[in-house]
Amino acid sequence: MHFPTLLLIPILLGLAAADTLTLDLHANNFDDASFQTFKVSNLHNCHNSNQKFEYYLQHDIAQSLFERNLGIRAYGEPNCQGPSSTHPLSNANGCVHGARKSFQLLEM
916 MHFPTLLLIP
926 ILLGLAAADT
936 LTLDLHANNF
946 DDASFQTFKV
956 SNLHNCHNSN
966 QKFEYYLQHD
976 IAQSLFERNL
986 GIRAYGEPNC
996 QGPSSTHPLS
1006 NANGCVHGAR
1016 KSFQLLEM
């Protein structure tokens, strides 16, 4: 059975979109409301926050991302510059040491 190529494109895009995680940024602690949420799917894409964050919460992490030894690197300056700290993917709350202004998903 042959399927037209155009019919496969939405299926392939759906599979690619499933490899995502959601990151909620918090200014002070997890008791405050998150001020910004990102849905992340691409490695090495830098995400700038609209204010400094001290904590972040990772959730809705695709199982396939856990199998790839990935982590979140948070940076002290916009555009993924300055001092950084890296934490593995986890469904636990992530404490960032020092105020951060940007982050990216990358290999550990």
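The sequence shown begins at 916 in my numbering and counts up one residue at a time. Every residue gets a Cβ at the ideal spot worked out from N, C-alpha and C, and that includes glycine.
{"query": "Unbroken beta strand (DSSP E) runs of length 3 or more, entirely within the segment 983–1008: which are they?", "result": "985–992 and 996–1003"}
{"query": "Would you decide whether residue 954 is buried or exposed? Buried here means 16 or more other CB atoms lie within 10 Å of its CB.", "result": "exposed"}
{"query": "Identify which residue in 1013, 959, 951 and 978 has its Cα closest to the Cα of residue 1000.", "result": "1013"}
{"query": "Per the DSSP calculation, residue 952 is bridged to which residue(s)?", "result": "939"}
{"query": "Note the first and the last residue of the continuous beta strand (DSSP E) segment covering residue 972.", "result": "962–974"}
{"query": "Applying the 10 Å Cβ sphere with the 16-neighbour rule, what's the burial state of residue 931?", "result": "With a pLDDT of 48 at residue 931, under the threshold of 50, the modelled position of this residue cannot be trusted, and the question is left open."}
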